[in-house]
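This report concerns only the one structure given below.
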Amino acid sequence: MRIVDHHKNIIEVKNVSFAYDRQREALKNITLDIHQGDYVGVIGPNGAGKTTLFKIMLGLLKAKTGTVKLFGTAIESFKNWQKIGYVPQETDNFEANFPATVREIVAMGRYRKNNFFNGRRSQDKQAVQRALTQVGLWTEQDRLIGDLSAGQRQRVFIARALVNEPEVIFLDEPTTGVDQETRNNFYSMLKKINEELSITLIIISHDLEQIIKEVMHVVCVDQTLTCHQSTAEYLKASDSTRILGQDVKIITHHHHGANGHLSI
Amino acid sequence: MALMDIFQYSFIIRGLEAGIIVALIAPLIGIFLVLKRFSLIADTLAHVSLAGVALGLLFGVNPMLTALATTVLASLGIERLRNSKTIYGESALALFLSGSLALAVIILSLTHGFNANLFNYLFGSIVTITINDVYAIAVLAIIVICLLIFFYKELVYLTFDQDAAQVSGVPVRLVNNILIILTALVVGLAIPIVGVLLIAALIVIPVVTALQLKKSFLRTIAYAEIFSLFSVVSGICAAFYFNLSASGAIVLIMLAIFIIVCLANKRGA
């Protein structure tokens, strides 16, 4: 198990701005650090720039101004991509008729460790088995991705991210279209990944009520960074102010609720 | 005509050899193009190569060379236009398709040359395949297969999820360019042999048929290969015995298999 230094920054975003076109800025002057071992929820209204911020941190979009550092290296020269896992928003990318089995999809994540010349296939197989076991889908390995439920599919994509033993995983709205029970199981799996495998998690969610129960820190994005604080601080602050216009009642309910890990 | 007569004609043997090679490589490229929703690239590049042929005829250069050069250049142009996101991917294809056809027609009217030669390029002609054509297409096949094996994982990953592939460190732009150049090479080299009609069909139809079976990625490729090879061999034989156009026969056989597979699927479900 790796030693987690909670003061170490693994992602540093500094003064980042971005615009898709000249009329409207998508992100304005965002500065944000993510610590090793953290579990961060990124929240904000639709169209607030959450996914854009993700894509900038992952190098899929280039910031107009400002800098991004991953593990201390400027993103332009960052090479250690196997340290980073990414579970994109399903609606963007998913093709239900894609002819691939669960095992084939998870193996995609290993592409770097086994190329044409150093084909350590047995290690790849073990890594795929381990990742699928971690998400509880090893028995489904031969099923086609299109035949799985939405919740199972998300676990497959988590396994694909896990297969390289990353240090951080980005998840963009992973529980869209999933029922409450599946959602609960999914979050308890994420908690395990964060605590037992010491993997930093950054998760975008529109489900404020749920996410606030799970994460350690909250980042609020609405073009600018409107908050970045521990969950406890966030809940305290949202008592008096209605951040993001969400229903405060829902949040205060959890204040007095039985969520032992939130010490308020 | 006796059943085994077919093997007494060397042009038929060469036609079969070339056809089998093209039938092998077309679906290997096609699986990635179809899944990337880029099926029409084959058709577009086929028409672009017509403009290349016309240019060759105009300047008295070997049309195969000019066809290859124009398809490769056009493929890179299409990929660039698609990446720039100024227009939709399929609109980029439409621009190149109509543009190159217009260019071909203009050049041919300048040279007064809508001749039999061009007819061969449109529909292919197994009668005129030389042994050198077979060698050229065989070398190309080896190059294509080696590159596809080498970049297999990258190609599968970026076809499934380009963003996740890029985050994993797949050199997305490079691999996309390689795929499109390979497509251009296959189309450019195959056209004098099998024609514009057949190459576009061979790249797309066997893959689309295999996708109906809902198998793993590798099995889908295997089934596409079987459909493709069966159609080409039976199409050439049918053309020989019934005196038909070979490329027309092959395409119709492929479509018949597609319809049969779809109907069988429906019945099974």
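Chains A and B are the protein sequences, given in the same order.
Every number in the numbering used here is 21 more than the matching position in the first sequence, counting from 1.
Anchor point for the second sequence: position 256 equals 241 in the numbering used here, and the numbering is continuous, going up by one each time.
C-beta atoms are modelled at their ideal positions from N, C-alpha and C, and glycine is treated no differently.
Sequence-distant partners of B/GLY180 (beyond 5 residues in either direction) whose C-beta falls short of 8 angstroms from its own C-beta, in its chain, are ASN105, TYR106, LEU107, PHE108, GLY109, SER110 and SER232. Around the beta-carbon of B/LEU42, 16 or more other beta-carbon atoms lie within 10 Å, marking it buried. For B/ALA54 against B/ILE92, the beta-carbon gap comes to about 15 angstroms, at or over 8 angstroms, which does not count as contact. Looking at A/LYS85, A/PHE99, A/LEU165 and A/HIS238, the one whose alpha-carbon comes closest to that of A/PHE39 is A/LYS85. Scanning chain B for C-beta atoms nearer than 7 angstroms to the C-beta of A/GLY130 yields SER153, reported in chain order. The C-beta separation of A/TYR107 from A/ALA182 comes to about 6 angstroms, placing the pair in contact by the 8 angstroms criterion. For the pair of segments examined, the stretch 177 to 195 of chain B was found to touch the stretch -5 to 14 of chain B: the number of CB pairs separated by less than 8 angstroms reaches three.
Contact between B/PHE81 and B/THR29 holds, with the beta-carbon distance rounding to 5 angstroms and staying under 8 angstroms. Within the model, the alpha-carbon separation for B/VAL124 versus B/PHE136 is close to 19 angstroms. Apart from sequence neighbours up to five positions away, the residues of its chain that approach B/LEU140 with a beta-carbon distance below 8 angstroms are PHE17, LEU133, VAL160 and LEU164, ordered along the chain. Segment contact: the stretch 236 to 246 of chain B against the stretch 211 to 225 of chain B, three or more CB-CB distances shorter than 8 angstroms; contact assigned. B/THR56 sits close to B/VAL172, with the two beta carbons spaced by under 8 angstroms.
Inter-residue distance for A/THR94 and A/ARG45 is about 30 angstroms (C-alpha atoms, whole angstroms). Per DSSP, the continuous alpha helix (DSSP H) segment holding A/LYS76 begins and ends at 71 to 78. Along the stretch 142 to 171 of chain B, the positions whose C-beta sits under 7 angstroms from a C-beta of chain A are TYR142, PHE145, ASP146, ASP148, ALA149, GLN151, VAL152, SER153, GLY154 and VAL155, read in chain order. Classified as buried, A/LYS76 has 16 or more neighbouring CB atoms from the shown chains inside 10 Å of its CB.
In the three-state reduction of the DSSP assignment, A/GLN250 falls in the strand class.
In the DSSP assignment, B/GLU75 falls outside any beta strand (DSSP E) and lies within the alpha helix (DSSP H) extending over 74 to 96. Assignment of A/GLU46 by DSSP, reduced to helix, strand and coil, places it in the strand class. Pairing B/ALA77 with B/LEU66 gives a Cβ-Cβ distance under 8 angstroms.
Residue state for A/GLU230 is assigned as helix, using DSSP reduced to three classes. About 6 angstroms separates the beta carbon of A/VAL242 from that of A/LEU74, a gap short enough to meet the 8 angstroms contact definition. Going by DSSP, A/ALA182 is part of the alpha helix (DSSP H) stretching over 171 to 183. Any Cβ of chain A closer than 8 angstroms to the Cβ of B/PHE202 would place that residue at the interface, and such an atom is present.
In this structure, B/VAL90 is the residue among B/LEU1, B/VAL90 and B/TYR(-6) with its C-alpha nearest to the C-alpha of B/ALA36. Every unbroken stretch of the alpha helix (DSSP H) spanning 4 or more residues and falling wholly within the stretch 13 to 53 of chain B is given here in chain order: 25 to 44. Between A/GLY62 and A/VAL25 a beta carbon distance of about 19 angstroms is seen, past the 8 angstroms cut, so the two are scored as non-contacting. At least one CB of chain A lies nearer than 8 angstroms to the CB of B/LEU20. Between A/GLY65 and B/SER153, the CB-CB gap reaches or exceeds 8 angstroms. Across the set B/ALA209, B/ALA175, B/LYS199 and B/ALA223, the C-alpha of B/ALA175 shows the shortest separation from the C-alpha of B/HIS32. Put simply, the backbone Cα of B/VAL129 is about 24 angstroms away from that of B/LYS200. Chain B places no beta carbon closer than 8 angstroms to that of A/LEU192, leaving this residue out of the contacts. Chain-ordered, the chain B residues with CB closer than 8 angstroms to the CB of A/GLN103 read SER153 and GLY154.
About 6 angstroms separates the beta carbon of A/VAL177 from that of A/ILE126, a gap short enough to meet the 8 angstroms contact definition. A residue is called buried when at least 16 other Cβ atoms come within 10 angstroms of its Cβ; A/ALA117 does not meet this threshold and is exposed.
Using a CB distance cut-off of 8 angstroms, A/TYR41 does not count as an interface residue toward chain B.
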